[in-house]
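Notes follow the structure.
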DNA sequence: CCATTTCTGAAACAAGCATTTCAGAATTAA
DNA sequence: TTAATTCTGAAATGCTTGTTTCAGAAATGG
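Protein chains in written order, with the UniProt record's numbering: chain W, 1 to 192; chain P, 1 to 192.
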């Protein structure tokens with residue numbers, strides 16, 4: 001016997017995510033958010049909650065997209081090594097596209113230090129990527145696609161760290177070639 | 001015929017730096033700053049300037065410390081490779097000490113995106129490290145200390161990226177061993 | 001169409017923000 | 001000591017912040 005919510009929550013979260021991603025958590029005001037989401041603050045507080053809650057939802061939304069992407073890649077018919085290489089190249093492409101790619105990285109440095117909830121979400125996201133990379137390196141080794149005898153866990157950790165740095169490099173230098181060269185070097189390390 | 005400034009500017013900047021480093025630029029209020037610096041806001045505005053200016057001074061202060069550190073290392077009597085290895089180990093030690101080590105990294109992700117001045121300071125800092133690493137790798141190769149035939153410039157870029165990621169890893173996992181293993185892997189890569 | 005429930009928009013809220021003001025204390029040099 | 005100058009502390013500034021309120025519009029099921 002009553003009215004329904006007027007706005008599409010997922011669309012609104014997506015918009016909020018873009019703003020947070022550009023300006024950071026503390027650099028984003030509630031006005032910025034409600035403007036982008038095209039809703040009134042009362043609606044926001046009635047449905048999603050306060051600013052913190054919205055940020056959590058945004059980070060979760062983003063990590064879920066990444067998770068689904070990895071799940072899709074894992075079911076690919078390609079060989080483990082090819083899956084890995086494609087993944088790395090797409091990661092580079094996302095960085096140099098200048099999109100809101102580095103949301104998790106930005107959140108890690110700005111918010112995770114003092115916010116356990118965000119830290120936990122980011123850890124879960126990081127661990128999922130870790131498992132993906134780790135298992136595919138291991139499989140590729142078994143198949144003989146990778147000649148490196150290094151520990152897959154170490155290589156996975158190493159890739160994740162390096163990837164974070166690529167984001168910083170691109171913020172400072174906006175040089176796609178720099179990132180591509182580093183990615184190629186990492187791939188090369190796997191195969192020798 | 002007049003009074004002098006009462007507080008030691010360098011000490012005050014150092015204190016401000018620690019606060020910024022912990023809470024980020026937007027997460028730090030002027031109260032936080034004046035409390036830590038133990039000065040009144042009027043004194044701050046009369047000597048250093050506004051919040052932005054203070055932040056610039058803090059980042060500069062931090063990068064100058066790093067520069068002096070590298071200059072000292074460069075004049076060491078040790079071999080190029082030893083200088084590099086010491087540098088890398090000390091970089092790890094600084095991260096896992098949990099100090100304000102990642103000030104530049106945090107600033108890169110939170111502020112540099114939308115602040116050209118900060119971006120320029122960070123680029124200069126990054127380029128100085130780059131030159132240091134690059135030249136020492138090249139020298140170590142000439143002396144036969146490093147067997148990798150990879151481009152020193154690529155390796156330097158790669159190290160800087162990786163180092164950024166170590167900071168994130170330590171924020172999320174607080175696991176010193178993880179960082180140490182990655183550092184050892186990088187060093188190993190140089191010598192094979 | 002009606003009664004009920006829920007959502008929305010605009011305004012109001014107090015608290016916090018960065019910044020400025022200014023009287024008076026402190027220091028200086030003569 | 002005195003006169004000139006500069007620094008400091010506390011208060012006030014106006015603006016922005018995140019959040020709440022509430023009257024009225026809108027949708028719902030009967």
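Glycine residues also receive a C-beta, built at the ideal position from the N, C-alpha and C atoms.
Reference residue i; option with closest CA among the options
i, options, result
"residue 134 (chain P)", "P:169, P:49, P:11, P:81", "P:81"
"residue 132 (chain P)", "P:173, P:33, P:116, P:156", "P:156"
"residue 17 (chain P)", "P:51, P:162, P:145, P:94", "P:51"
"residue 210 (chain P)", "P:4, P:65, P:9", "Here chain P has residues from 1 to 192 only, and residue 210 (chain P) is not among them."
"residue 55 (chain W)", "W:79, W:38, W:19", "W:19"
"residue 191 (chain W)", "W:103, W:179, W:150, W:90", "W:150"
"residue 114 (chain W)", "P:23, P:9, P:49, P:4", "P:23"
"residue 70 (chain P)", "P:180, P:136, P:42", "P:136"
"residue 127 (chain W)", "W:176, W:53, W:160", "W:160"
"residue 98 (chain P)", "P:7, P:5, P:170, P:6", "P:170"
"residue 68 (chain W)", "W:125, W:120, W:177, W:96", "W:125"
"residue 166 (chain W)", "W:7, W:102, W:41", "W:102"
"residue 39 (chain W)", "W:5, W:57, W:96, W:120", "W:5"
"residue 121 (chain W)", "W:53, W:42, W:7", "W:53"
Integer Cβ distance of residue i from residue j, believed to fall under 8 Å
i, j, result
"residue 158 (chain P)", "residue 182 (chain W)", "5 Å"
"residue 106 (chain W)", "residue 172 (chain P)", "Their Cβ separation, rounded to whole angstroms, is 14 Å, which puts residue 106 (chain W) and residue 172 (chain P) out of contact at 8 Å."
"residue 88 (chain W)", "residue 13 (chain W)", "Not a contact, Cβ separation roughly 28 Å."
"residue 92 (chain W)", "residue 180 (chain W)", "6 Å"
"residue 148 (chain W)", "residue 116 (chain W)", "About 36 Å separates the two Cβ atoms, so there is no contact after all."
"residue 94 (chain W)", "residue 109 (chain P)", "16 Å between Cβ atoms; not a contact."
"residue 78 (chain P)", "residue 47 (chain P)", "The pair is not a contact, with the Cβ atoms about 41 Å apart (cut-off 8 Å)."
"residue 28 (chain P)", "residue 44 (chain P)", "About 13 Å; that fails the 8 Å criterion."
"residue 145 (chain W)", "residue 21 (chain W)", "The pair is not a contact, with the Cβ atoms about 35 Å apart (cut-off 8 Å)."
As assigned by DSSP and simplified to three states, the class of residue i
i, result
"residue 7 (chain W)", "coil"
"residue 12 (chain W)", "helix"
"residue 114 (chain W)", "helix"
"residue 149 (chain W)", "coil"
"residue 128 (chain P)", "helix"
"residue 120 (chain P)", "helix"
"residue 69 (chain W)", "helix"
"residue 62 (chain W)", "helix"
The alpha helix (DSSP H) enclosing residue i, as first and last residue numbers
i, result
"residue 161 (chain P)", "152–173"
"residue 143 (chain W)", "Counting along the chain, residue 143 (chain W) falls outside any alpha helix (DSSP H), and DSSP gives it neither H nor E."
"residue 102 (chain P)", "Residue 102 (chain P) -> no alpha helix (DSSP H), and no H or E assigned at all."
"residue 93 (chain W)", "80–96"
"residue 184 (chain P)", "176–190"
"residue 46 (chain P)", "41–47"
"residue 75 (chain P)", "From DSSP, residue 75 (chain P) is part of no alpha helix (DSSP H); its letter is neither H nor E."
"residue 34 (chain W)", "30–37"
Spatial neighbours of residue i in its chain, beta-carbon cut-off 6 Å, leaving aside the 5 residues before and after
i, result
"residue 185 (chain W)", "none"
"residue 138 (chain W)", "152"
"residue 15 (chain P)", "36, 37"
"residue 32 (chain P)", "19"
"residue 7 (chain W)", "39"
Cβ-based neighbour list, residue i, same chain, cut-off 7 Å, excluding 5 preceding and 5 following
i, result
"residue 111 (chain W)", "25, 118"
"residue 164 (chain W)", "105"
"residue 76 (chain W)", "83"
"residue 178 (chain W)", "169"
"residue 57 (chain W)", "13, 48"
"residue 96 (chain P)", "170, 176, 179"
Same chain, Cβ closer than 8 Å to residue i, neighbours up to 5 away in sequence not counted
i, result
"residue 73 (chain W)", "83, 86, 87, 132"
"residue 175 (chain W)", "169"
"residue 61 (chain P)", "10, 13, 14, 17"
"residue 162 (chain P)", "182, 186"
"residue 41 (chain W)", "30, 34"
"residue 143 (chain W)", "79, 80, 81"
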